[in-house]
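Here the structure comes first, spelled out in structure tokens, and everything after it is commentary.
Chains as they are written, first to last, in the numbering used here: chain A, -6 to 139; chain B, 144 to 491.
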């Protein structure tokens, strides 16, 4: 499914809520997030994608696409998201090197780094299609060797 | 790989595993790739950012951390020239690409593709590490390993002073006398400050600030910092304020400690929200200038050390073995009442 789509957001909800380890690590969390995938027209990614989700007591309670006021906004060029999902860059390293821009209390965000790392591991299992020059990259069930 | 010293296959390394979790592990000795060298690490300092990572979990788990290094070249990768086994070196912890718009504008600290040994790639709390040859600085014969391990915080202090635009005769306030604050005192005096006042609550660090040349040290827990700074600056406030403390209260206090039209340089890493007096900022036309890491100032710091014009000895509180990095290093430095400033870790 297309990265950044509502279908993807719903799969994110299903995968995170279905994982006992993520539920344990995110226990008590009530923050909300926007992931902003910035376009890269020169690389065939013409649109900005905005995907959001809200946690309630450690589970993903709501998902959407488009802007909303959230506790955190994480934005980066499309390529950086691909790098994170492919495992070429860790999400914490992306934040500390400012490749992933954060709006919100970064200390509060990083205090949940264990659940963030688990989430990224789980996102890597979602069959994901990318756009533009990243279209040849496949994650999840469609990936080579998966 | 080019010429190499005899190196073992495995090494000991301190690995960041999460909040308050640094572990000694056995790792393979890395092999330098194209453009890289293999370093045998002698000393590595514990940086304030390592401490923040230790307290709050700011680094990627699995990384060998440490970036304030003194080393010698132990191996040379393909496509590297100018370096030989045995060369004494330190290395920049900001490895910029040289090609992005920030690098091309002379702002490598802001590089879009920066890599940071010890933060994003494996670092120097280890017997060996690899690093891009372009990040290396050769040590002059008169520069000791201890001085080389302080090159990074020294250059950060010099970069902060450069960023401030500090002028000859300025009155300076440095908030926080940790290692960066102490070195900033020295850098400000070198740049021509008329006087440097320091705000610091820890008595041991207050004493070090005086040793580094501070004209006065104020304990904000016991005295009204605003009043005392006013007394010392003819009621004007400081021309330049460096906030080398990561506390949000300290950062927030800078708005009223600086004179009208003055400059504030937040140097410390403060991850929490800060209460900011934007009315003072606007009405007093204050300038806030961020400063991050350093680049050109590495060479400057090493030159000053070689000339005997840059002191680091007062800042170094001890040298500990790698296997004590947590008990005698991190756990000592994170205590609010610590008597230590900079602790160096020796690998052999």
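Just so you know, even glycine gets a beta-carbon here, dropped at the ideal spot from N, CA and C.
Sheet register partners of residue i (DSSP bridge)
i, result
"residue 57(A)", "45(A)"
"residue 164(B)", "161(B)"
"residue 188(B)", "211(B), 487(B)"
"residue 459(B)", "485(B)"
"residue 414(B)", "DSSP, once it has assigned bridges, lists no residue as partnering residue 414(B)."
"residue 276(B)", "DSSP, once it has assigned bridges, lists no residue as partnering residue 276(B)."
"residue 100(A)", "Note: residue 100(A) sits in no beta bridge, so no partner."
"residue 26(A)", "46(A), 65(A)"
"residue 269(B)", "156(B)"
"residue 359(B)", "340(B)"
"residue 354(B)", "According to DSSP, residue 354(B) bridges with nothing at all."
"residue 95(A)", "67(A)"
"residue 79(A)", "Bridge partners of residue 79(A): none, in fact."
"residue 260(B)", "264(B)"
"residue 169(B)", "155(B)"
"residue 183(B)", "215(B), 271(B)"
"residue 120(A)", "Bridge partners of residue 120(A): none, in fact."
"residue 140(A)", "One cannot answer for residue 140(A) here, as it falls past the ends of chain A, which runs -6 to 139."
Minimum Cβ-Cβ distance from residue i to chain A less than 7 angstroms
i, result
"residue 376(B)", "no"
"residue 263(B)", "yes"
"residue 392(B)", "no"
"residue 257(B)", "yes"
"residue 435(B)", "no"
"residue 200(B)", "yes"
"residue 416(B)", "yes"
"residue 474(B)", "no"
Within-7 angstroms CB hit, residue i to chain B
i, result
"residue 25(A)", "no"
"residue 126(A)", "no"
"residue 90(A)", "yes"
"residue 67(A)", "no"
"residue 103(A)", "yes"
"residue 100(A)", "yes"
"residue 86(A)", "yes"
"residue 106(A)", "yes"
"residue 137(A)", "Reliability fails at residue 137(A), whose pLDDT of 46 lies under 50, so the model's placement of it is uncertain and the value that follows must be treated cautiously. By this cut-off, residue 137(A) is not an interface position."
"residue 97(A)", "no"
"residue 11(A)", "no"
"residue 80(A)", "no"
"residue 133(A)", "no"
"residue 21(A)", "no"
"residue -3(A)", "no"
"residue 83(A)", "yes"
Residue i versus residue j - alpha carbon distance
i, j, result
"residue 361(B)", "residue 345(B)", "10 angstroms"
"residue 288(B)", "residue 306(B)", "28 angstroms"
"residue 303(B)", "residue 470(B)", "31 angstroms"
"residue 440(B)", "residue 18(A)", "42 angstroms"
"residue 82(A)", "residue 76(A)", "6 angstroms"
"residue 487(B)", "residue 293(B)", "9 angstroms"
"residue 139(A)", "residue 78(A)", "Here the model assigns residue 139(A) a pLDDT of 38, short of 50, so the residue's position is not dependable, and the following value carries that caveat. Each residue's alpha carbon lies about 14 angstroms from the other."
"residue 32(A)", "residue 38(A)", "5 angstroms"
"residue 185(B)", "residue 317(B)", "31 angstroms"
"residue 253(B)", "residue 259(B)", "12 angstroms"
"residue 308(B)", "residue 409(B)", "14 angstroms"
"residue 382(B)", "residue 403(B)", "8 angstroms"
"residue 261(B)", "residue 206(B)", "7 angstroms"
"residue 251(B)", "residue 463(B)", "33 angstroms"
"residue 122(A)", "residue 150(B)", "45 angstroms"
"residue 479(B)", "residue 333(B)", "30 angstroms"
"residue 435(B)", "residue 420(B)", "23 angstroms"
Partner residues on chain D for residue i, Cβ-Cβ distance less than 8 angstroms
i, result
"residue 110(A)", "Looking for chain D here will not work: the only protein chains present are A and B."
> Are the region 222 to 239 of chain B and the region 279 to 289 of chain B in contact at 8 angstroms, needing three or more beta carbon pairs?
Replying inline: yes
> In the region 363 to 388 of chain B, which residue ranges form an unbroken beta strand (DSSP E) of at least 3 residues, counting only runs that do not cross its ends?
Replying inline: 381 to 386
>> Please give me, in chain order, every unbroken run of the beta strand (DSSP E) with length at least 3 that falls completely inside the region 281 to 342 of chain B.
In response: 314 to 318, 338 to 342
> Are the region 209 to 221 of chain B and the region 108 to 121 of chain A touching, with three or more C-beta to C-beta distances below 8 angstroms?
Replying inline: no
> Would the region 18 to 28 of chain A and the region 39 to 50 of chain A be scored as touching if the rule is three or more Cβ pairs under 8 angstroms?
Replying inline: yes
> Touching or not, the region 230 to 237 of chain B and the region 453 to 462 of chain B, by the rule of three or more beta carbon pairs under 8 angstroms?
Replying inline: no
> With a cut-off of 8 angstroms, do at least 3 Cβ pairs link the region 254 to 267 of chain B to the region 418 to 427 of chain B?
Replying inline: no
>> Three or more C-beta pairs under 8 angstroms: does that hold for the region 51 to 67 of chain A against the region 172 to 183 of chain B?
In response: no
> Along the chain, which unbroken stretches of the alpha helix (DSSP H) at least 4 residues long are found entirely within the region 222 to 252 of chain B?
Replying inline: Counting whole runs of 4 or more residues, the region 222 to 252 of chain B contains the alpha helix (DSSP H) stretches 244 to 247.
> Below 8 angstroms, can you find three or more Cβ-Cβ pairs linking the region 322 to 341 of chain B to the region 389 to 397 of chain B?
Replying inline: With the cut-off at 8 angstroms, the region 322 to 341 of chain B and the region 389 to 397 of chain B do not touch.
> Just checking, does the region 241 to 248 of chain B make contact with the region 442 to 449 of chain B on the three C-beta pairs under 8 angstroms criterion?
Replying inline: no
> Between the region 459 to 474 of chain B and the region 310 to 318 of chain B, do three or more beta carbon pairs fall short of 8 angstroms?
Replying inline: no
>> Pairs of beta-carbons, one from the region 161 to 172 of chain B and one from the region 115 to 129 of chain A, closer than 8 angstroms: are there three or more?
In response: no
>> As an exercise, report each continuous beta strand (DSSP E) stretch of at least 3 residues that is fully enclosed by the region 426 to 475 of chain B, in chain order.
In response: 459 to 464
>> Assess contact between the region 47 to 60 of chain A and the region 90 to 98 of chain A, defined as three or more Cβ pairs (one per stretch) separated by less than 8 angstroms. Is contact present?
In response: no
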